[in-house]
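Engineer: Residue numbers (UniProt numbering): 1 to 401.
All residues carry an ideal CB built from backbone N, CA and C; glycine is no exception.
What follows is a structure written as structure tokens; I'll ask about it next.
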Amino acid sequence: MSSPTSDASSSRDTLDSAREQSTKDRRRERNRLAAQKHRLRRNERMSQLEQQVLALQQEKSELVAQLDGRAPSGPSLAAAAVALPPPSSAVGGSSLDPDDLDLDLPHRAKRPRTSADRDFHHYPPSSIRHSHVHDDPQQYEGTIRRMEERIRELERLNDDLNGDLSDALDDNARLKHDLHHTTHHADAHARRLSDALHSTEAERARLLRDISDLRQSLEAEAASARTLRDANTHLRESIEAAEITLDLQRVENERLRDRLADEDGKAARVNARLEDELIETRHALEDAQMDLRRLRNLLREQEALDAEAAEARQRRKERDDEERRRLEDREVAANDTIVSLNMRLTQTENLAQGRLKQLEAAETHAEHAESELRESEDRNASLQETLQKYRALLSANGIPV
């Protein structure tokens, strides 16, 4: 049977998975856009570098052609004949993939024009190529030296550009490695946070189940307490009925005692009357000897009456004693019943107090569980804030998250 807590936890897991999937999709889209932008900037920069290198090579070839056309056997033209390395040689010499690098190099300061440049533009190549053979070559030695210096400077600039390109490739590889390491660390930290969040959610679900079980036990204890109260009420009613019966029995005992006292009074009066008659009979015996037989007969009759009266008194006394013992036994039994009922009532009250203490302990445990749940939620909130700050720091450093 599915409980509300399990439904809530499953819906929460679904929302978390959907949120995590949307976060991954957004991160993948940002990475794709950043990579596309990176490739565009790299291609643009490579095209710029290639254009610069081509321009330098063209300028060098023109200078070499001018020198070859004017003084082909000069000793300084051997150094000018050295060709510039193509842009792909610097890239091919590196072990890095240029598709994964960003060649955002700082712009060089524009070199001031030298006297060789001025002489070069003052004397166009056509005038040099079509000059007469009988011209004096010494008047061009200064121009040739300046051109050689220009060629060496261009070669040095080309070497500097190749070195800057290699440094840029190395820096880009290092930055890419740092970015990969930082992204991996952030993903691992995010996974740890997600695991901690899932464990906290599981702990929260377990605490909710414990609280539900405690509530059910509290309800069961309350039902048991109500049953005990009903039993106590029934016991009190039984005790009251027994007390009423005992009061009635006491009234009956009093009535029997009064009746016994009346019978004793009657017997005492009969004894007194018989004694008076005996005295009168004795006086009559003294007065009349002739009536002795009659008196003896009367005496025998009186003795028989006395015996019957004594026997009747004895039977009445035994019956009264038996009735008294029976009443005393009933009173003792009633007292024992009252004592046992009082003991059962005391035990019931003690049991109810114990159940109340258990209920209080269960409520205290539930409050402690709720406080732990709130603390875990606070820890989750702090972890989320830390993750947001870390992502903001990565974004501020220009690293896509």
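Can you tell me whether Lys-389 is buried or exposed, with buried defined as 16 or more other CB within 10 angstroms of its CB?
Structural biologist: By the beta-carbon neighbour count (other beta carbons within 10 angstroms, threshold 16), Lys-389 is exposed.
Engineer: Touching or not, the segment 176–192 and the segment 331–344, by the rule of three or more beta carbon pairs under 8 Å?
Structural biologist: no
Engineer: Considering only C-alpha positions, which residue in the set Ala-366, Thr-182, Asp-210, Asn-43 is nearest to Gly-398?
Structural biologist: Just measuring C-alpha positions, the residue of Ala-366, Thr-182, Asp-210, Asn-43 sitting nearest Gly-398 is Thr-182.
Engineer: Let me know if Pro-86 comes out buried or exposed under the rule of 16 or more other beta-carbons within 10 Å of its beta-carbon.
Structural biologist: With a pLDDT of 42 at Pro-86, under the threshold of 50, the predicted position of this residue should be treated as unreliable, though the coordinate-derived value follows. Its Cβ having fewer than 16 others within 10 Å, Pro-86 is exposed.
Engineer: How should Leu-161 be labelled, buried or exposed, when 16 other C-beta atoms within 10 angstroms of its C-beta is the threshold for buried?
Structural biologist: So Leu-161 ends up on the buried side.
Engineer: Rounded to a whole number of angstroms, what is the C-alpha to C-alpha distance between Val-251 and Ala-222?
Structural biologist: Val-251 and Ala-222: Cα-Cα distance of roughly 43 Å.
Engineer: Is the beta carbon of Asn-158 sitting closer than 8 Å to the one on Leu-56?
Structural biologist: yes
Engineer: Closest to Glu-59 by CA distance: which of Glu-29, Glu-141, Gln-358, Glu-148 is it?
Structural biologist: Glu-148
Engineer: Measure from the alpha carbon of Asp-210 to the alpha carbon of each residue in Ala-312, Glu-263, His-365, Leu-248, then state which is nearest.
Structural biologist: His-365
Engineer: With DSSP run on the structure shown, which of helix, strand or coil describes Met-290?
Structural biologist: coil
Engineer: Would you call the CB atoms of Thr-348 and Ala-231 closer than 8 Å?
Structural biologist: yes
Engineer: Measuring straight from C-alpha to C-alpha, what distance separates Thr-143 and Arg-152?
Structural biologist: 14 Å
Engineer: Since Leu-383 and Ala-196 are thought to touch, with beta carbons under 8 Å apart, how far apart are those beta carbons, to the nearest angstrom?
Structural biologist: 6 Å
Engineer: Could you check if Leu-208 is buried or exposed, using at least 16 other CB atoms within 10 Å of its CB as the buried criterion?
Structural biologist: Counting of Cβ neighbours within 10 angstroms places Leu-208 among the buried residues, the total reaching 16 or more.
Engineer: Identify, in the order they occur along the chain, each residue of the same chain with its Cβ nearer than 6 Å to the Cβ of Arg-325, setting aside the five sequence neighbours on each side.
Structural biologist: none
Engineer: Can you tell me the Cβ-Cβ gap for Leu-63 and Arg-156, rounded? I've got them flagged as a contact below 8 Å.
Structural biologist: Not really, about 15 Å apart at Cβ, beyond 8 Å.
Engineer: Skipping 5 residues on each side, what residues in its chain have a beta carbon closer than 7 Å to that of Leu-15?
Structural biologist: none
Engineer: Going by CA-CA distance only, name the one from Glu-29, Leu-278, Arg-192 that's closest to Arg-300.
Structural biologist: Leu-278
Engineer: Are three or more beta carbon pairs between the segment 236–253 and the segment 366–385 nearer than 8 Å?
Structural biologist: no
Engineer: Should Arg-28 be labelled buried (16 or more other beta-carbon atoms within 10 Å of its own) or exposed?
Structural biologist: exposed
Engineer: Given a threshold of 16 other Cβ atoms within 10 Å of its Cβ, counted over all protein chains shown, does Arg-204 qualify as buried or as exposed?
Structural biologist: Buried, by the Cβ-count rule.
Engineer: When the Cα atoms are used, what is the spatial distance from His-198 to Arg-32?
Structural biologist: 29 Å
Engineer: By Cβ distance, which residues of its chain are closer than 6 Å to Ala-267, with the 5 residues on each side in sequence left out?
Structural biologist: Arg-313
Engineer: Using the Cα positions of Ala-81 and Gly-163, report the straight-line distance between them to the nearest angstrom.
Structural biologist: Note that Ala-81 scores a pLDDT of 37, beneath 50, so its modelled location is shaky; the value from the coordinates is reported in the next line. Rounded to the nearest angstrom, the two C-alpha atoms are 22 Å apart.
Engineer: Am I right that Leu-214 and Ala-361 are in contact with their C-beta atoms under 8 Å? What's the rounded C-beta distance?
Structural biologist: With 8 Å as the limit, Leu-214 and Ala-361 do not qualify as a contact, their Cβ atoms being about 10 Å apart.
Engineer: Report the rounded CA-to-CA distance for Ala-188 versus Ser-194, giving the unit in angstroms.
Structural biologist: 10 Å
Engineer: Using a Cβ-Cβ cutoff of less than 6 Å, which residues in the same chain neighbour Asp-320 once the five nearest sequence positions on both sides are dropped?
Structural biologist: Leu-260
Engineer: In this structure, does DSSP put Gly-398 in helix, strand or coil?
Structural biologist: coil
Engineer: Give the straight-line distance between the Cα atoms of Asp-99 and Leu-154, rounded to the nearest whole angstrom.
Structural biologist: Because Asp-99 sits at a pLDDT of 39, beneath the cut-off of 50, its placement in the model cannot be relied upon, and the following sentence gives the value as read from the coordinates. If I take the Cα positions, the gap works out to 28 Å.
Engineer: Verify whether the separation of the beta carbon atoms of Leu-218 and Ala-352 is less than 8 Å.
Structural biologist: Against a cut-off of 8 Å, the Cβ pair of Ala-352 and Leu-218 comes out as no contact.
Engineer: Out of Ser-224, Ser-212, Thr-337, Gln-48, point me to the one whose CA is closest to Ala-369's CA.
Structural biologist: Ser-212
Engineer: Hey, how far is the Cα of Gln-48 from the Cα of His-38?
Structural biologist: 15 Å
Engineer: Can you find the residues in the same chain that come closer than 8 Å, C-beta to C-beta, to Thr-245, ignoring five residues on each side of it along the sequence?
Structural biologist: Cβ neighbours of Thr-245 beyond the five flanking positions: Ala-334.
Engineer: Going along the chain, which residues of its own chain have a beta-carbon closer than 7 Å to the beta-carbon of Leu-373, five neighbours each way excluded?
Structural biologist: Arg-204, Leu-207
Engineer: In whole angstroms, what separates the C-alpha of Leu-54 from that of Ala-35?
Structural biologist: Cα to Cα, Leu-54 sits roughly 28 Å from Ala-35.
Engineer: Are the Cβ atoms of Leu-256 and Glu-318 separated by less than 8 Å?
Structural biologist: no
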